[in-house]
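Enquirer:
Protein chains: 2
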Amino acid sequence: MSRRGQPNVATPGRRQVILDAALACFEDTGVAATTIEQIRDRAGCSIGSLYHHFGGKEGVASALFIDGISDLNAGLLQRLDDCSNAEQGVRTCVLHYADWVTRQPELARFLVHAREINFAPEARAELKAIYQRHFGAVFTWFGRFVLRGDMKQLPPETYIPIISGPIEDYARQWLSGRTRTPLAEVAEVFADAAWNAVRAR
Amino acid sequence: MSRRGQPNVATPGRRQVILDAALACFEDTGVAATTIEQIRDRAGCSIGSLYHHFGGKEGVASALFIDGISDLNAGLLQRLDDCSNAEQGVRTCVLHYADWVTRQPELARFLVHAREINFAPEARAELKAIYQRHFGAVFTWFGRFVLRGDMKQLPPETYIPIISGPIEDYARQWLSGRTRTPLAEVAEVFADAAWNAVRAR
DNA sequence: ATTTAGATTAGAATTTGATTCTATAATATG
DNA sequence: CATATTATAGAATCAAATTCTAATCTAAAT
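As structure tokens, this is what we get:
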């Protein structure tokens, strides 16, 4: 017997199961080194199913990446809503990143190390749109404080690196184990540094 | 005729030829997507030769990475020698990085996007040693200015992210084409920001 | 000058992993 | 309940990585 396929019972969450399995594999083995077979095995699905949903490893990675970035971004915008001045806003950018990375280190590790993935054109386009929307909103939020003279006037493309660069760099180190001090313990230092770097004086 | 191998005339520079070919391929196709065959073809060597020298794509990448980092680090230490106060030192860290990336964008692009590579244990150990030596030297250089009270006293592991994080983040954007303004045009802004973030006040 | 050991090169053979393809079953829709 | 669509399975195929053996070169020793 065992002629051909014996598809499973309906598994509506199959997509998410595969994503979770993939993240776990990436965490264990590294993105580059995990094989489709490992993901398939961990997810308990067939090759066919995996390709049906995602079209390959790159597709799985894209989906994971987009989900992660979207969550990170949405959280920041939410917290900015509660801020009422430039300093609070700047500090929130830094602290939110630290919190988010601390809360989901596996996903954060993936996001950080996935920068190099060759996303397909569609995924790239979607990401570009996400970034544009997000940074558009962030700049709108901060714009008034620059105009009002609370923050230095700088070339626009330099604000994000100045404010977020340091905490992201430190997070990368922490996530890869090169540093032990938890993010929470140094986040305030980075928040201070960011504010000192952009405040009008 | 053409029974077996017909090794070439001695090619002492073979190692470097392969490294150059690899960098060119990585630049064209991306690290993940270039195949051994492409590198072999561009280098004009055999598979055997490539594996003999590097043991595979990962080995080629490691060697390239270590060479690049070493050059970057050495350049900084050299330039720090000419600095005589904390502000000069901090600014030099930023400006040197900007210069270096501008001068060899291909290598820089590789370094930045190679973070995710699964280096072999030996390569990892070598890199760790390189970093320890380098950052040891850098901390020695800056230490006196912290003691003297010219710079803020901060958790030691935060200085590098604060000073170098922003320019590295911007460089990553520039290298991947998401930003047009050349590094040289914004480097001073990042140098100012770095100094403002760490100066005693 | 010969011999020998180690380093370097070559490319066929093998292995491993990615991707495609066809068949089967589940689910939804009229 | 017929039909279309979606989801699943896994064998077959394809492509790339890696191994392996043989040939050639280089340099040191005699």
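In order, the protein sequences belong to chains Y and G.
According to my numbering, the first sequence is numbered sequentially starting from 1.
According to my numbering, the second sequence is numbered sequentially starting from 1001.
In this text, a Cβ means the ideal position worked out from N, Cα and C, and glycines have one as well.
Computed from a predicted model, the values in this text were never measured in an experiment.
Taking 8 Å as the threshold (beta carbon to beta carbon), is residue 1007 of chain G in contact with chain Y?
Expert: Residue mapping note: residue 1007 of chain G aligns to position 7 of the second sequence, counting from 1. Summary for residue 1007 of chain G: the model assigns pLDDT 49, below 50, so the residue's position carries little reliability; its value from the coordinates is reported in the next sentence. For residue 1007 of chain G, the answer is no, since every Cβ of chain Y falls outside 8 Å of its Cβ.
Enquirer: When you compare the CB positions of residue 90 of chain Y and residue 163 of chain Y, do they come within less than 8 Å of one another, or not?
Expert: Residue mapping note: residue 90 of chain Y aligns to position 90 of the first sequence, counting from 1. Residue mapping note: residue 163 of chain Y aligns to position 163 of the first sequence, counting from 1. Result yes, Cβ atoms of residue 90 of chain Y and residue 163 of chain Y sit closer than 8 Å.
Enquirer: Classify residue 178 of chain Y as helix, strand or coil using the three-state DSSP reduction.
Expert: As a position in the first sequence, residue 178 of chain Y is number 178, starting the count at 1. The answer is coil: DSSP assigns residue 178 of chain Y none of H, G, I, E or B.
Enquirer: Using a threshold of 8 Å, state whether the C-beta atoms of residue 77 of chain Y and residue 23 of chain Y are closer than that.
Expert: Along the first sequence, read from residue 1 onward, the residue named residue 77 of chain Y stands at position 77. Along the first sequence, read from residue 1 onward, the residue named residue 23 of chain Y stands at position 23. Contact flag unset, no.
Enquirer: Inspect the beta-carbon positions of residue 1113 of chain G and residue 109 of chain Y and report whether they are closer than 8 Å.
Expert: Numbered from its first residue, the second sequence carries residue 1113 of chain G at position 113. Numbered from its first residue, the first sequence carries residue 109 of chain Y at position 109. Going by C-beta atoms, residue 1113 of chain G is not nearer than 8 Å to residue 109 of chain Y.
Enquirer: State yes or no: is the beta carbon of residue 1094 of chain G nearer than 8 Å to at least one beta carbon in chain Y?
Expert: As a first step, residue 1094 of chain G is located in the second sequence; it is residue number 94 there, counting from the start. With 8 Å as the cut-off, residue 1094 of chain G does not count as an interface residue toward chain Y.
Enquirer: Which same chain residues, not among the five before or five after residue 15 of chain Y, have their C-beta less than 6 Å away from its C-beta?
Expert: On the first sequence, residue 15 of chain Y is found 15 positions in, with the first residue counted as 1. Cβ neighbours of residue 15 of chain Y beyond the five flanking positions: 53.
Enquirer: For residue 1117 of chain G versus residue 1061 of chain G, is the C-beta distance shorter than 8 Å?
Expert: For the purposes of this step, residue 1117 of chain G is taken as the residue at position 117 of the second sequence. For the purposes of this step, residue 1061 of chain G is taken as the residue at position 61 of the second sequence. A contact, by the Cβ cut-off of 8 Å.
Enquirer: So residue 17 of chain Y contacts chain G; which residues on that side make the cut at Cβ distance below 9 Å?
Expert: Against the first sequence, residue 17 of chain Y aligns to sequence position 17. None at all; the shortest Cβ gap to chain G is about 25 Å.
Enquirer: Distance check for residue 160 of chain Y and residue 199 of chain Y, CA to CA, integer angstroms please.
Expert: In the first sequence, residue 199 of chain Y corresponds to position 199, counting from 1. In the first sequence, residue 160 of chain Y corresponds to position 160, counting from 1. If you take the alpha carbons of residue 199 of chain Y and residue 160 of chain Y, they lie about 14 Å apart.
Enquirer: Tell me the rounded alpha-carbon separation between residue 1123 of chain G and residue 1066 of chain G.
Expert: Locating residue 1123 of chain G in the second sequence gives position 123, where the first residue counts as 1. Locating residue 1066 of chain G in the second sequence gives position 66, where the first residue counts as 1. Cα to Cα, residue 1123 of chain G sits roughly 8 Å from residue 1066 of chain G.
Enquirer: By alpha-carbon positions, which one of G/1082, G/1106, G/1056 and G/1130 ends up nearest to residue 1029 of chain G?
Expert: Within the second sequence, numbered from 1, the residue matching residue 1029 of chain G stands at position 29. From the listed residues G/1082, G/1106, G/1056 and G/1130, the smallest Cα separation to residue 1029 of chain G is found for G/1106.
Enquirer: Among the residues of its own chain, which have a CB less than 7 Å from the CB of residue 1174 of chain G, if the five just before and after it don't count?
Expert: Counting from one through the second sequence, the residue named residue 1174 of chain G turns up at place 174. Correct list, in chain order: 1183.
Enquirer: With 8 Å as the threshold, decide whether the Cβ of residue 190 of chain Y is near any Cβ in chain G.
Expert: By one-based count along the first sequence, residue 190 of chain Y stands at place 190. Contacts with chain G at 8 Å (Cβ-Cβ) include residue 190 of chain Y.
Enquirer: Identify whether residue 1201 of chain G lies in helix, strand or coil by the three-state DSSP scheme.
Expert: Mapped onto the second sequence, residue 1201 of chain G falls at position 201. Residue state, collapsed to three classes: coil.
Enquirer: Would you mind telling me which residues of chain G sit closer than 9 Å to residue 115 of chain Y, beta carbon to beta carbon, in chain order?
Expert: Here residue 115 of chain Y corresponds to residue number 115 of the first sequence, with the count starting at 1. Per Cβ cutoff of 9 Å: 1112, 1113, 1115, 1116, 1172 and 1176.
Enquirer: Return the CA-CA distance between residue 191 of chain Y and residue 1152 of chain G, expressed in angstroms with no decimal places.
Expert: By one-based count along the first sequence, residue 191 of chain Y stands at place 191. By one-based count along the second sequence, residue 1152 of chain G stands at place 152. Their backbone Cα atoms lie some 14 Å apart in a straight line.
Enquirer: Taking all protein chains shown into account, do 16 or more other C-beta atoms lie within 10 angstroms of the C-beta of residue 1125 of chain G, making it buried, or fewer, making it exposed?
Expert: Counting from one through the second sequence, the residue named residue 1125 of chain G turns up at place 125. Counting Cβ neighbours within 10 Å, residue 1125 of chain G comes out exposed, since fewer than 16 surround it.
Enquirer: Would you say residue 1069 of chain G and residue 1130 of chain G are within 8 Å of each other, going by their C-beta atoms?
Expert: Translated into positions along the second sequence, residue 1069 of chain G becomes position 69. Translated into positions along the second sequence, residue 1130 of chain G becomes position 130. Yes, the pair counts as a contact, with Cβ atoms nearer than the cut-off.
Enquirer: May I have the straight-line CA-CA distance separating residue 81 of chain Y from residue 99 of chain Y, to the nearest angstrom?
Expert: Here residue 81 of chain Y is taken as the residue at index 81 of the first sequence, counted from 1. Here residue 99 of chain Y is taken as the residue at index 99 of the first sequence, counted from 1. Going by the C-alpha atoms only, they are around 17 Å apart.
Enquirer: For residue 1005 of chain G, which three-state DSSP category applies?
Expert: For this step, residue 1005 of chain G is matched to residue 5 along the second sequence. The pLDDT assigned to residue 1005 of chain G is 41, lower than 50, so where the model puts this residue is not dependable; a value taken from the coordinates is nonetheless given after this. Residue 1005 of chain G falls in the coil class under three-state DSSP.
Enquirer: Who are the Cβ neighbours of residue 97 of chain Y in its own chain at under 6 Å, not counting the five residues just before and after it?
Expert: Walking along the first sequence from the start, residue 97 of chain Y turns up at place 97. The answer, listed in chain order, is 167.
Enquirer: Below 6 Å CB to CB, which residues in the same chain sit around residue 20 of chain Y once its five sequence neighbours on both sides are set aside?
Expert: Taking the first residue of the first sequence as position 1, residue 20 of chain Y is located at position 20. Excluding the 5 residues flanking it on each side, residue 20 of chain Y has no same chain C-beta neighbour closer than 6 Å.
Enquirer: Skipping 5 residues on each side, what residues in its chain have a beta carbon closer than 6 Å to that of residue 1134 of chain G?
Expert: The residue you call residue 1134 of chain G lines up with position 134 of the second sequence. Counting only residues of its own chain and dropping the five nearest sequence neighbours on each side, residue 1134 of chain G has a CB closer than 6 Å to the CB of 1073.
Enquirer: For residue 1033 of chain G, go through chain Y and note every residue whose CB falls closer than 8 Å to its CB, in chain order.
Expert: Here residue 1033 of chain G refers to the residue found at position 33 of the second sequence. 118, listed in chain order.
Enquirer: In or out: residue 169 of chain Y buried (at least 16 other Cβ within 10 Å) or exposed?
Expert: By one-based count along the first sequence, residue 169 of chain Y stands at place 169. With 16 or more Cβ atoms within 10 Å of its Cβ, residue 169 of chain Y is classed as buried.
Enquirer: Please name the residue in G/1025, G/1036, G/1156 and G/1041 whose C-alpha comes closest to that of residue 180 of chain Y.
Expert: Residue numbering aside, residue 180 of chain Y sits at position 180 when the first sequence is read from its first letter. Taking only the C-alpha atoms, the option nearest residue 180 of chain Y is G/1156.
Enquirer: Please confirm if residue 969 of chain G has its CB atom under 8 Å from at least one CB of chain Y.
Expert: The question about residue 969 of chain G has no answer, for chain G in this structure spans 1001 to 1201.
Enquirer: Is the beta carbon of residue 1026 of chain G sitting closer than 8 Å to the one on residue 1034 of chain G?
Expert: Your numbering for residue 1026 of chain G matches position 26 in the second sequence. Your numbering for residue 1034 of chain G matches position 34 in the second sequence. Yes; because the gap between Cβ atoms is below 8 Å, this pair is in contact.
Enquirer: Looking at chain Y, which residues of the stretch 1154–1166 of chain G have a Cβ within less than 9 Å of any of its Cβ atoms?
Expert: 1154, 1155, 1157, 1158, 1160, 1161, 1162, 1163, 1164, 1165 and 1166
Enquirer: If you follow the alpha helix (DSSP H) that residue 49 of chain Y is part of, which residue opens it and which one closes it?
Expert: Translated into the one-based positions of the first sequence, residue 49 of chain Y becomes position 49. That run of the alpha helix (DSSP H) goes 47–54.
Enquirer: Of the choices Y/55, Y/102 and Y/84, whose alpha-carbon is the least far from that of residue 176 of chain Y?
Expert: One-based indexing of the first sequence puts residue 176 of chain Y at position 176. Taking only the C-alpha atoms, the option nearest residue 176 of chain Y is Y/102.
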